[in-house]
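Student: Next up is a structure, given as structure tokens.
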Amino acid sequence: METHISWVFIASPFVFKVKKTLSLGFLDFGTLEKRRHFCERELKLNRRLAPEIYLDVVPIYKSSSGFSFNEEGQVAEYAVKMKELPHAWSARRSLGEGGFLNELLEQNLVGEKEINRVITRLRQFYESEPPSAEIEEWGTPAKLKISTDENFIQVKPFVGKTISPAAFEAIRHFTNSFYAAKEKLFLERIQQHRIRDCHGDLHLDHIHITPETLSIFDCIEFNDRFRFIDIANDVAFLAMDFDFEGRSDLANLLLHNAAREFQDSGMLKVSDFYKCYRAFVRGKVQSIQGLSMKTTTPEEHANQSARYFRLALRYAVTGSEPLMLVITGRVATGKTSVALQLGTELDWPVFSSDQIRKTMAGLPLTERTPLKRHDEIYSEQTTERTYRKLLEQGLAALQSQSGAVLDATFSSRAHRELLRDECSKANARWEIVELDVDLATIRARLKARDKSAGEISDARLEDFEKLNAAYEPSTELLDKLMKVSANDSVSETVKTILFQLAERQLR
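At position 418 of the sequence shown (counting the first as 1) the number is 399 in my numbering, and the numbers step up by one without a gap.
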């Protein structure tokens, strides 16, 4: 098996891990002596949580007859020798005998019992690692920023490939703004002795559970600052992994139960920040693997990387709870284009009132509605049904998705009250963005629609005065409303919206 920094050879009943000869800035395995050193560090550090697995560091010799563990010839490499752990899908095992946590999750065998076993083991581990002044210093924003700044530098080559420019800038803005806005919170975490020598790489496939045993292995050995972290940072990695696998219920269960068992209510105040950091790191690692690994295709890593970066963006701009993002504004302010790009950035479904209206009426989406049907299609009754259907679809999506985008003018106070009421009844979070464009630009865009193919909206220049006069400004939504200029490009407008959403996360 190949990772971006190691080769892992499975030779039952043992596993041998050999470090690649490379230097990536955050690690340096460039010489044989350094690789030996980090093999020994890996053995020592991992014996804290998995002493039964980590057996020895063994030299590999090279002679005229080839490579061997026998003491013959020159030492060519060093390997960490480990005990092989059985997979959940092994022919030798029956359902319920355990396996790696990612495998058990696929078989729907992870619940509160398994979560609590992991939490208890972690609590015992963290309590056994009392912090020093050197370790606690890594909980300050200045020290944390070393790692996040490094990540942004290392991801820059992938901007426009596995992460969009808008997402990159929004995540960086959220991260740096969080340091400034929450400095007191970081210092409180230090005073509460929450910064410890942790695991540093706590994700699903580094945890192995059987009815009798629980092993947590493969901690970070190559860079101490990746382990000298807040325990909330450590646990956030595992919570992010559950989110990534579509099991936010288990992510929330993990965080809330850990906060209770650790007597650490403050953990929940920093969990989204650390989950954003962890998802961004995974996106970076997958991007690097796409360039360096020989056993998989670049496309596989690019797809995974993009998924992690979109997850990081969602943490940065909307947090962990599902959100309905409503894009409103006068006619021709670019709502549909902005909504579609936001849907792409956040990996959320987009629901359009124009599309719903025509679909319900049995009309072709990209053809203008015949004049003889205008009174019917744009009647108050049809408009009411359209908005109810729009909200129904958006709220239904929140049951299975982390969010949804709605695209509609919401030009009347009555429709906005319907939005507020329906979201309140469903206990759904929502934010509303009103796009603002100068009237001359609106007229120009409406005029251009006559030559545009694929336009779903029926509104044209001759309709503008009537529609503009009927538009009721959203003055009653001051607590929710984000007003954003959409005179610039769609990408700039989307970037502005993402920044404003990130700012709201800091309140």
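Quick reminder that beta carbons are idealized off the backbone N, C-alpha and C, glycines included.
For Ala385, which residues does DSSP report across the bridge?
Tutor: For the purposes of this step, residue 385 is taken as residue 404 along the sequence shown, with counting starting at 1. According to DSSP, which records beta bridges pairwise, Ala385 is partnered with Met305.
Student: Would you check if the distance between the CB atom of Asp493 and the CB atom of Ile176 is smaller than 8 Å?
Tutor: Outside the displayed range of the chain (-18 to 488) lies residue 493, so it cannot be described from this structure.
Student: Can you name the start and end residues of the beta strand (DSSP E) that Glu412 belongs to?
Tutor: Mapped onto the sequence shown, residue 412 falls at position 431. Segment 410 to 417, the beta strand (DSSP E) holding Glu412.
Student: Rounded to the nearest angstrom, how far is the Cβ of Val39 from that of Phe50, given a contact under 8 Å?
Tutor: Position 58 of the sequence shown, counted from the start, is the residue given in the question as residue 39. Position 69 of the sequence shown, counted from the start, is the residue given in the question as residue 50. Contact holds; Cβ gap of about 6 Å.
Student: Output the residue ranges of the alpha helix (DSSP H) runs that lie fully inside the stretch 100 to 159 and measure 4 residues or longer, sorted by chain position.
Tutor: Within the stretch 100 to 159, the complete alpha helix (DSSP H) runs of at least 4 residues are 114 to 117, 122 to 136.
Student: Could you tell me which residues DSSP pairs with Val491 in its beta bridges?
Tutor: Lying outside -18 to 488, the shown extent of the chain, residue 491 is not represented and no answer is given.
Student: For a test of the three-state rule: what should DSSP assign to Met248, helix, strand or coil?
Tutor: Translated into positions along the sequence shown, residue 248 becomes position 267. Of the three classes helix, strand and coil, the one that applies to Met248 here is helix, per DSSP.
Student: Just checking my contact of Tyr489 with Ser334 at CB under 8 Å: how many whole Å lie between their CB atoms?
Tutor: Shown here, the chain extends from -18 to 488; a query on residue 489 therefore has no answer.
Student: With C-beta atoms as the reference, is Ala378 less than 8 Å away from Leu416?
Tutor: Counting from one through the sequence shown, the residue named residue 378 turns up at place 397. Counting from one through the sequence shown, the residue named residue 416 turns up at place 435. No, they are not a contact pair.
Student: Quick test of your reading: Lys476 and Ala161, contact by CB under 8 Å. State the CB separation rounded to the nearest angstrom.
Tutor: Position 495 of the sequence shown, counted from the start, is the residue given in the question as residue 476. Position 180 of the sequence shown, counted from the start, is the residue given in the question as residue 161. The Cβ separation is near 20 Å, so there is no contact.
Student: Please name the residue in Leu249, Phe149, Lys339, Cys200 whose C-alpha comes closest to that of Tyr289.
Tutor: By 1-based counting over the sequence shown, the position of residue 289 is 308. Per the Cα distances, Phe149.
Student: Look up Ser405 in the DSSP assignment and say whether it is helix, strand or coil.
Tutor: Translated into positions along the sequence shown, residue 405 becomes position 424. In the structure shown, Ser405 sits in a helix (DSSP, three-state: H, G or I).
Student: Would you tell me roughly how many angstroms separate the C-alpha atoms of Pro122 and Leu304, rounded to the nearest one?
Tutor: Your numbering for residue 122 matches position 141 in the sequence shown. Your numbering for residue 304 matches position 323 in the sequence shown. The alpha-carbon atoms of Pro122 and Leu304 are separated by roughly 29 Å.
Student: Glu(-17) bridges to which residues according to DSSP?
Tutor: Residue mapping note: residue -17 aligns to position 2 of the sequence shown, counting from 1. DSSP output for Glu(-17) lists Trp(-12) as bridge partner(s).
Student: For Gln55, does the count of other Cβ atoms within 10 angstroms reach 16, so buried, or fall short, so exposed?
Tutor: What you label residue 55 is simply residue 74 of the sequence shown in a count that begins at 1. Exposed, by the Cβ-count rule.
Student: Measuring CB to CB, does Ser490 end up less than 8 Å from Leu462?
Tutor: Residue 490 falls outside the range modelled here, since the chain spans only -18 to 488, and no answer is possible.
Student: Evaluate the contact criterion for the stretch 272 to 283 versus the stretch 225 to 245: three or more CB pairs, one atom per stretch, below 8 Å.
Tutor: At 8 Å Cβ cutoff, the stretches do not touch.
Student: Out of Ile437, Pro67, Glu443, Arg104, state which residue places its alpha-carbon closest to the alpha-carbon of Pro192.
Tutor: Counted from its first residue, the sequence shown places residue 192 at position 211. Here the closest residue by C-alpha is Pro67.
Student: According to DSSP, what are the bridge partners of Val(-1)?
Tutor: Taking the sequence shown and counting its residues from 1, the one referred to as residue -1 is at position 18. Trp(-12), Ala60.
Student: Over the uninterrupted beta strand (DSSP E) stretch that includes Ser196, give me the two end residues.
Tutor: Here the question's residue 196 lines up with position 215 in the sequence shown. First-last of the beta strand (DSSP E) with Ser196: 195 to 197.
Student: Assuming Phe480 is part of the alpha helix (DSSP H), what are its boundary residues?
Tutor: The sequence position of residue 480 within the sequence shown is 499, counting from 1. Residues 471 to 486.
Student: Name the DSSP bridge partner or partners of Ile176?
Tutor: By one-based count along the sequence shown, residue 176 stands at place 195. Looking at the DSSP assignment, Ile176 forms a beta bridge with Asp211.
Student: Does His355 pass the burial test, meaning 16 or more other C-beta atoms within 10 Å, or should it be called exposed?
Tutor: Residue mapping note: residue 355 aligns to position 374 of the sequence shown, counting from 1. His355 comes out exposed.
Student: Taking DSSP's pairing of strands, which residues face Phe218 in a bridge?
Tutor: Taking the sequence shown and counting its residues from 1, the one referred to as residue 218 is at position 237. Note: Phe218 sits in no beta bridge, so no partner.
Student: What is the DSSP secondary structure of Ser286, reduced to helix, strand or coil?
Tutor: As a working note, residue 286 is residue 305 in the sequence shown. It is helical.
Student: Alpha carbon to alpha carbon, how far is Glu115 from Arg104?
Tutor: Walking along the sequence shown from the start, residue 115 turns up at place 134. Walking along the sequence shown from the start, residue 104 turns up at place 123. The alpha-carbon atoms of Glu115 and Arg104 are separated by roughly 21 Å.
Student: In terms of alpha-carbon separation, which member of Lys339, Thr314, Lys353, Tyr296 lies closest to Leu327?
Tutor: Translated into the one-based positions of the sequence shown, residue 327 becomes position 346. Of the candidates Lys339, Thr314, Lys353, Tyr296, the one whose C-alpha sits nearest the C-alpha of Leu327 is Tyr296.
Student: Taking the alpha-carbon positions, what's the Ser433 to Thr317 distance?
Tutor: What you label residue 433 is simply residue 452 of the sequence shown in a count that begins at 1. What you label residue 317 is simply residue 336 of the sequence shown in a count that begins at 1. Using only the alpha carbons, I get a separation of about 14 Å.
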